[in-house]
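Read the structure below first, then the notes.
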Amino acid sequence: MQAAPPEPVTLTLDINRERRTVTVDARTTLLDLLRETLGLTGTKKGCDHGQCGACTVLADGRRINACLSLAAMHDGGSVVTIEGLAIDARNLHPLQAAFVAHDAFQCGYCTPGQICSAAGMLDELAAGAPSLVTDPGCAMAVATDAEIRERMSGNLCRCSAYPNIVAAIREVADTPVADDSHTALDDADAGPRAEPAGPAMPAAAAPGHPTGGAA
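Just so you know, our numbering puts 89 at position 89 of the sequence shown, and the rest follows in order with no gaps.
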């Protein structure tokens with residue numbers, strides 16, 4: 001006899017600085033909640049096993065693989081995706097601007113996860129969290145290429161744009177910026193926020209882009 005599915009759960013989360021209340025299957029992953037329920041397809045589904053990093057988002061300020069985390073675990077918490085990394089649609093986050101300037105993407109599928117992971121990584125670096133390659137004699141980890149590569153090793157790029165990715169992150173790490181420092185985006189790239197049409201069918205994989213929209 002087949003077991004009955006679990007009862008739906010109602011969750012309230014801050015998604016990209018907006019309070020959202022949703023009712024979903026208790027088994028829904030955070031990735032599927034973002035993509036299928038909320039229509040935030042900037043967060044990509046790659047391996048769906050936590051091995052590629054394409055689904056990286058910031059949950060309560062820490063980078064996680066959204067495919068490995070149940071949405072219910074984040075009830076009452078905050079999540080920032082690539083769509084919400086910038087303050088608004090017309091101003092790029094410094095990392096987004098640096099990825100554009102350094103051509104740090106080719107097909108772009110991994111780019112949203114790379115940028116979200118880099119944002120979390122730089123916060124970890126600023127907090128003094130060591131990595132496997134941090135010199136034990138250093139009081140504070142420095143954003144060397146080796147540090148960046150080690151800390152970003154969970155994000156794979158099938159186009160092998162790693163040198164450009166490292167260069168983009170290094171530029172931001174070496175440039176002091178205010179918390180609200182963002183780069184203006186052309187009006188042509190600033191579109192209205194899309195409202196989800198419903199989870200009737202899996203969301204198509206939109207082309208990768210530093211802001212999560214179509215390339």
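For every residue, glycine included, the Cβ atom is placed at its ideal position computed from N, Cα and C.
Check, Outcome
"CB of G302 within 8 Å of CB of P94, strictly", "Residue 302 is absent from the structure shown; the chain starts at 1 and stops at 215."
"Contact under 8 Å by Cβ, Q106 with A161", "yes"
"Residues of its chain near D48, where Cβ-Cβ distance is below 6 Å and the 5 sequence neighbours each way are ignored", "C67"
"Where A13 falls, given that 16 or more other Cβ within 10 Å makes a residue buried", "Correcting the residue identity first, residue 13 is Leu in this sequence and not Ala. When all chains shown are included, L13 counts as buried."
"Sequence-distant residues of its chain with Cβ nearer than 6 Å to I15 (five each side left out)", "V79"
"Residue environment, P210, which counts as buried when at least 16 other CB atoms sit within 10 Å", "buried"
"Rounded distance between the beta-carbons of C116 and I87, thought under 8 Å", "About 15 Å separates the two Cβ atoms, so there is no contact after all."
"Pick from R158, L125 and R151 that is closest to M140, judged by C-alpha positions", "L125"
"A178 classed as buried or exposed, judged by whether at least 16 other C-beta atoms fall within 10 angstroms", "Model confidence at A178 stands at a pLDDT of 47, short of 50, so the residue's coordinates are unreliable and nothing is read from them."
"D103 versus E171, T56 and N164, residue with shortest Cα-Cα distance", "N164"
"Per-residue DSSP class, three states only, for E18", "strand"
"Rounded straight-line distance, which links the Cα of N91 to that of A188", "Note on A188: pLDDT 36, under 50, position unreliable in the model; no value is reported."
"Burial state of Q114, where buried means 16 or more other Cβ atoms lie within 10 Å", "buried"
"Between the CA atoms of C157 and R151 - distance to the nearest angstrom", "14 Å"
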